[in-house]
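2 protein chains.
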Amino acid sequence: MPRQRTGDTRARIQQAALELFAVQGMQQTSLQDIADRLGVTKPALYYHFASREDLLNSLVEPMIADFEAYAEGLRVAAPVSPRELLGSYFDLAYRHRAMIQLAIRDLSVLHELKLADRFIEWRGTLAELLIGPSPSLRDVVRCMVALGGLSDCAVMIEHTPVAELREAAVDAAYDSLGR
Amino acid sequence: MPRQRTGDTRARIQQAALELFAVQGMQQTSLQDIADRLGVTKPALYYHFASREDLLNSLVEPMIADFEAYAEGLRVAAPVSPRELLGSYFDLAYRHRAMIQLAIRDLSVLHELKLADRFIEWRGTLAELLIGPSPSLRDVVRCMVALGGLSDCAVMIEHTPVAELREAAVDAAYDSLGR
DNA sequence: GTCTATATGCGGATAGAC
DNA sequence: GTCTATCCGCATATAGAC
């Protein structure tokens with residue numbers, strides 16, 4: 314590989330980290346591993362990131378922003394049909410499937426980064442749109458099956474074209490709502 | 314608290330470990346933490362367990378045995394109806410909900426303990442009974458939504474009486490199968 | 001921007017006294 | 001059965017030269 318033209322080292326660190334995370338998980342990946350993979354030393358990383366947590370945060374940031382925008386958009390937008398909602402939620406999960414796989418594999422890290430609370434909040438927003446406020450137990454259950462199953466399919470199943478997967482997943486999720 | 318009558322230290326170690334795991338996760342809990350909680354020192358733990366991994370294994374063992382017996386039982390038993398299957402799977406997940414919560418929170422540990430493969434195998438056994446061999450994409454998706462949603466409900470939702478929760482979850486899962 | 005060298009701490013694990 | 005003392009390795013992080 315040719316040497317990088319200019320100072321995009323920060324981005325290269327992030328990419329190396331993601332590649333290693335995908336193989337061995339976030340928590341099992343040390344700064345040493347990352348530095349080795351780039352052929353630099355640990356202190357070099359500290360020039361670009363204040364701390365390990367700073368690096369992690371920079372990787373998770375884009376997903377957070379997207380999820381937060383999605384939830385906020387739903388809050389202010391005109392009501393949509395359940396199928397539309399399920400479909401757009403699938404798309405959201407699918408966009409960030411790589412990061413979600415990491416998060417699932419290492420929930421503790423997301424706990425460190427204080428994301429768990431936000432996840433719950435996002436889910437709550439969706440749930441209320443699907444089944445309204447003060448839902449019954451049956452509603453809560455159906456909502457958990459629908460949204461959980463939907464994101465599971467988006468993240469865990471490899472299939473192209475995606476449109477096929479999306480349609481099948483939305484159908485199953487919709488059925489689990491029991492109308 | 315009164316001092317323990319006799320040498321049930323091994324069990325007390327296991328209990329202390331589980332309590333700490335529930336609060337801070339398996340991977341984040343060191344032997345030092347466990348020893349401190351019992352008011353003993355680290356080497357004392359090594360009298361009762363050969364290693365940290367040995368301790369972890371001893372905690373997970375009962376669940377493994379139960380899951381394996383369940384899968385084996387299905388393999389040899391006469392075919393059951395989808396609703397019966399979903400119901401018994403709910404019961405299984407509910408029995409071990411505490412341990413499953415830990416496992417979800419720390420998938421990497423189960424990876425260490427080489428349980429991931431078995432989990433996949435268990436799921437496969439169930440899936441085949443639900444949708445037969447060589448399933449279509451739509452079948453795979455529906456199966457993932459049904460079984461994933463079912464165990465999510467068994468593990469994540471606090472509700473008594475359990476029978477109510479079970480019925481609602483099985484209904485939702487059954488609907489997601491689309492007949 | 002990246003290096004060498006180093007501080008500091010915590011993790012699991014063992015030796016050997018009591 | 002439990003202790004004190006200790007080894008070893010690896011983690012994050014910093015100081016300061018180039």
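Residue numbers (the numbering used here), protein chains in the order written: chain A, 314 to 492; chain B, 314 to 492.
C-beta atoms are modelled at their ideal positions from N, C-alpha and C, and glycine is treated no differently.
Between the options, which lies nearest to residue i when the distance is taken from Cα to Cα?
| i | options | result |
| --- | --- | --- |
| ARG410/B | ASP465/B, SER449/B, ASP419/B, GLU441/B | ASP465/B |
| ILE457/A | ALA481/B, ILE413/B, GLY437/B, ALA363/B | Per the sequence shown, residue 457/A should be read as Met rather than Ile. Of the candidates ALA481/B, ILE413/B, GLY437/B, ALA363/B, the one whose C-alpha sits nearest the C-alpha of MET457/A is ALA481/B. |
| GLU425/A | GLU477/A, VAL475/A, GLU366/A, LEU463/A | GLU366/A |
| PRO395/B | SER447/B, PRO474/B, LEU443/B, GLY491/B | LEU443/B |
| TYR328/B | LEU372/B, TYR360/B, PHE362/B | One detail in the question is off: residue 328/B reads as Gln in this sequence, not Tyr. Checking every option, the nearest Cα to that of GLN328/B belongs to LEU372/B. |
| PHE380/A | VAL483/A, VAL475/A, ASP430/A, ASP419/A | ASP430/A |
| THR342/B | ALA391/B, GLU397/B, ARG418/B | ARG418/B |
| VAL483/A | LEU450/B, VAL468/B, ASP484/B | LEU450/B |
| LEU428/B | GLY445/B, ARG455/B, PRO474/B, MET376/B | MET376/B |
| ALA324/A | ILE347/A, ALA335/A, GLN337/A, VAL336/A | ILE347/A |
| GLY461/A | ALA390/A, ALA363/A, MET412/A, ALA440/A | ALA440/A |
| ALA335/A | VAL353/A, PRO474/A, LEU351/A, GLN414/A | GLN414/A |
| ALA416/A | SER447/A, GLU374/A, VAL454/A | GLU374/A |
| VAL468/B | MET412/B, GLY445/B, GLN337/B, LEU399/B | MET412/B |
| GLN337/B | ALA391/A, GLN337/A, LEU420/A | LEU420/A |
| ALA378/A | PRO474/A, PHE432/A, GLY400/A | PHE432/A |
Using a beta-carbon distance below 9 Å, is residue i in contact with chain B?
| i | result |
| --- | --- |
| ASP488/A | yes |
| ILE417/A | yes |
| SER421/A | yes |
| MET376/A | no |
| LEU333/A | no |
| LEU463/A | yes |
| GLY532/A | This structure gives no information on residue 532/A, because the portion of chain A shown stretches from 314 to 492. |
| HIS424/A | yes |
Compute the beta-carbon to beta-carbon distance between residue i and residue j, rounded to the nearest angstrom, for a pair I have assumed lies under 8 Å.
| i | j | result |
| --- | --- | --- |
| LEU368/B | ALA406/B | At roughly 24 Å, the Cβ-Cβ gap does not stay under 8 Å, so LEU368/B and ALA406/B are not in contact. |
| MET339/A | VAL422/A | 5 Å |
| ASP488/A | GLY491/B | 5 Å |
| LEU463/B | TYR402/B | 6 Å |
| ALA459/A | ALA486/A | 4 Å |
| THR438/A | LEU387/A | 6 Å |
Taking 9 Å as the CB-CB cut-off, is residue i touching chain A?
| i | result |
| --- | --- |
| ALA459/B | yes |
| ARG365/B | no |
| ARG431/B | no |
| ARG455/B | yes |
Using C-beta distances below 7 Å, list every residue in its chain close to residue i, excluding the 5 sequence neighbours before and after it, in chain order.
| i | result |
| --- | --- |
| LEU478/B | CYS466, ILE470, HIS472 |
| TRP435/B | PHE380, ALA384 |
| LEU344/B | LYS355, LEU358, ARG365 |
| HIS361/A | THR322, ARG323, ILE326 |
| ARG455/B | SER489, LEU490, GLY491 |
| GLU370/A | Reading the sequence as shown, one finds Asn at residue 370/A and not Glu. Cβ neighbours of ASN370/A beyond the five flanking positions: LEU426. |
Keeping to the same chain, check which residues put their C-beta closer than 8 Å to that of residue i; ignore five residues upstream and five downstream.
| i | result |
| --- | --- |
| LEU333/A | THR342, ASP346, ILE347, ARG350 |
| LEU398/B | LEU387, LEU439, LEU442, LEU443 |
Quick one: residues in its chain with C-beta nearer than 6 Å to the C-beta of residue i, no 5 flanking neighbours on either side, listed in chain order?
| i | result |
| --- | --- |
| GLN317/A | Low confidence applies here, because GLN317/A scores a pLDDT of 47, under 50, leaving its location unreliable; read the following figure in that light. Closer than 6 Å at the Cβ level, and outside the excluded window around GLN317/A, lies no residue. |
Contact residues within the stretch 434-453 of chain A, judged by C-beta distance below 8 Å to chain B:
LEU450, ARG451, VAL453
With 7 Å as the C-beta to C-beta threshold (strictly closer), list the residues of the stretch 396-417 of chain A near chain B in chain order.
ILE417
Name, going along the chain, the residues of the stretch 471-487 of chain B whose beta-carbon falls closer than 8 Å to a beta-carbon of chain A.
HIS472, GLU477, LEU478, ALA481, ALA482, ASP484, ALA485, ALA486
Of all the residues that make up the stretch 327-355 of chain A, which are near chain B by a beta-carbon distance shorter than 8 Å?
GLY338, GLN340, GLN341
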